[in-house]
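If you count by the numbering used here, then the sequence shown holds residues 11 to 364, one letter each, in order. Have a look at the structure below, then the notes.
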Amino acid sequence: MDHGGGVTDDVNKNNRPPENLFINSLSTDTVDRSRTYTFSNWPSITPSAQEMACAGWWYTNIADRVICIHCDTMFHNWSETDRPYEIHRVKSPGCFYVRTNEYKLTSTQRQVAVPSPTINNTPNGYTIVGAVHAEYSLVVRRHQTFEKWPEAEPSTLPSIESFVEAGFFYTGDKTIVRCFYCNGALRNWQSSDDPKVEHARWFPQCAYIRQYIGENLYQAIQRKNRELRAQRNLQESTNGENSQYIPWTNDEIDRMVKARLDLPVVEKLRQEGYSMALIRKVYEMQLRFKKDDFKTDVDLRVACLILDKQVKLINGNEANILIPQNWLNKFIEDQKKGIVNTEQLEIKKPIEIQ
Numbered sequence: 011m012d013h014g015g016g017v018t019d020d021v022n023k024n025n026r027p028p029e030n031l032f033i034n035s036l037s038t039d040t041v042d043r044s045r046t047y048t049f050s051n052w053p054s055i056t057p058s059a060q061e062m063a064c065a066g067w068w069y070t071n072i073a074d075r076v077i078c079i080h081c082d083t084m085f086h087n088w089s090e091t092d093r094p095y096e097i098h099r100v101k102s103p104g105c106f107y108v109r110t111n112e113y114k115l116t117s118t119q120r121q122v123a124v125p126s127p128t129i130n131n132t133p134n135g136y137t138i139v140g141a142v143h144a145e146y147s148l149v150v151r152r153h154q155t156f157e158k159w160p161e162a163e164p165s166t167l168p169s170i171e172s173f174v175e176a177g178f179f180y181t182g183d184k185t186i187v188r189c190f191y192c193n194g195a196l197r198n199w200q201s202s203d204d205p206k207v208e209h210a211r212w213f214p215q216c217a218y219i220r221q222y223i224g225e226n227l228y229q230a231i232q233r234k235n236r237e238l239r240a241q242r243n244l245q246e247s248t249n250g251e252n253s254q255y256i257p258w259t260n261d262e263i264d265r266m267v268k269a270r271l272d273l274p275v276v277e278k279l280r281q282e283g284y285s286m287a288l289i290r291k292v293y294e295m296q297l298r299f300k301k302d303d304f305k306t307d308v309d310l311r312v313a314c315l316i317l318d319k320q321v322k323l324i325n326g327n328e329a330n331i332l333i334p335q336n337w338l339n340k341f342i343e344d345q346k347k348g349i350v351n352t353e354q355l356e357i358k359k360p361i362e363i364q
């Protein structure tokens, strides 16, 4: 996703808050790395930290609360069935991150409409909202791409039909296949692999495969994923049990915070308008919850921006933090009643990358 320069002035003005000038000045790679780093202590397995970061959310270090620093939207109380990017896209279609991502996911301009969180069945297959490779939405089109599929040892690979039904088309390179909907690619297949299972395993955010295999199988695959991750975490914990972590006391954290408040970067933050109380709180949360120092000054400045936005957005009212399922249910009901989200009316066209 491109979050740095290279976008039109119209997008810069209308889709990014002025206090985000610092973020706007960073390269795409730096922004992506910093956003991912905020999830280093993400408490949930599903949705995963990777899924949340890829959906444009930034972790706040508080329970499972996340925020988008572009559209100033906050959500918490996530459930296993929630789809982070779909929630973000439907809630804030005018968000700079969402619009940039939608543009990157499509090679041609398309009409921007109110996104639907579902995939609708049609006699010809599927009518997909937001497919990355819409030209391969039809099964027959995907099947045609496998004309040059490696045939030397067909018994060592899953059947072409199984790939096609799982939403994959052949890229023409070795055994690399790609999903027409989520753009996820996989390779190094074995005859025992089931493409639809591997699809859901590696790309749980894909709406196509989730609907295709059904909720029961989807959840079973995700449970297996959680079990495997738990086993890996247990092994890592066991391997390092000779150097067990001893939590810092409150007094130790307080001394560490005070020492860091004398750093030159703190004075820069004060000049940018952040209060000493907020900077102190940011350091305290970092040491208490992540149990580590900030990797870079960028990570510190991002943490200050995130906390400052939370304070302003919540403004003493916890109801300003939305719950995905509750918000989505209300959104669907409003759509049925013909109530249009005012943010939908502000959308003019996809952003242009220069």
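Beta carbons are placed, not taken as given, at the ideal position from N, Cα and C, and that holds for glycine. Remember, it's a predicted structure, so these values are computed and weren't measured experimentally.
Compare the beta carbon distance of residue i and residue j with 9 Å and say whether it is the shorter of the two.
| i | j | result |
| --- | --- | --- |
| Tyr191 | Ala141 | yes |
| Val292 | Leu323 | no |
| Phe173 | Val187 | yes |
| Thr185 | Asn193 | no |
| Asp264 | Glu294 | yes |
| Ala65 | Thr46 | no |
| Glu61 | Gln200 | no |
| Asn71 | Thr48 | yes |
| Ala217 | Glu96 | yes |
In terms of alpha-carbon separation, which member of the options lies closest to residue i?
| i | options | result |
| --- | --- | --- |
| Leu338 | His98, Thr306, Ser50 and Ile33 | His98 |
| His143 | Glu171, Glu157 and Glu112 | Glu112 |
| Asp309 | Asn30, Ser35, Thr40 and Leu31 | Thr40 |
| Lys5 | Glu328, Trp258, Gln281 and Ile289 | Past the boundaries of the shown model lies residue 5; the chain is included only from 11 to 364, so the question cannot be answered. |
| Phe85 | Pro53, Lys346 and Ile333 | Ile333 |
| Val207 | Cys189, Tyr228, Gln221 and Ala217 | Tyr228 |
| Ala176 | Trp258, Val108 and Cys189 | Cys189 |
| Ile79 | Trp88, Leu238, Arg236 and Trp67 | Trp67 |
| Cys81 | Trp88, Val100, Glu282 and Lys305 | Val100 |
| Trp258 | Leu297, Ile331, Cys105 and Leu238 | Leu297 |
| Phe32 | Leu315, Pro274 and Gly182 | Leu315 |
Cα separation between residue i and residue j?
| i | j | result |
| --- | --- | --- |
| Ile55 | Gln320 | 24 Å |
| Arg152 | Glu145 | 9 Å |
| Ser202 | Leu167 | 8 Å |
| Asn34 | Phe299 | 27 Å |
| Lys278 | Ala287 | 15 Å |
| Met266 | Pro57 | 33 Å |
| Ile223 | Ile231 | 10 Å |
| Asp302 | Asn325 | 29 Å |
| Gln154 | Phe178 | 11 Å |
| Ala368 | Pro274 | Not covered by the structure: residue 368. The range shown for the chain is 11 to 364. |
Starting from residue i, follow its DSSP beta bridges and name the residues at the other end.
| i | result |
| --- | --- |
| Leu332 | Phe85 |
| Tyr180 | Val187 |
Secondary structure, alpha helix (DSSP H): runs of 4+ residues fully inside the region 249-298: 260-270, 274-281 and 286-295
Uninterrupted beta strand (DSSP E) stretches inside the region 23-86 (no shorter than 3 residues): 76-78 and 83-85
Segments of 3+ residues assigned as beta strand (DSSP E) that fall wholly inside the region 184-224: 187-189
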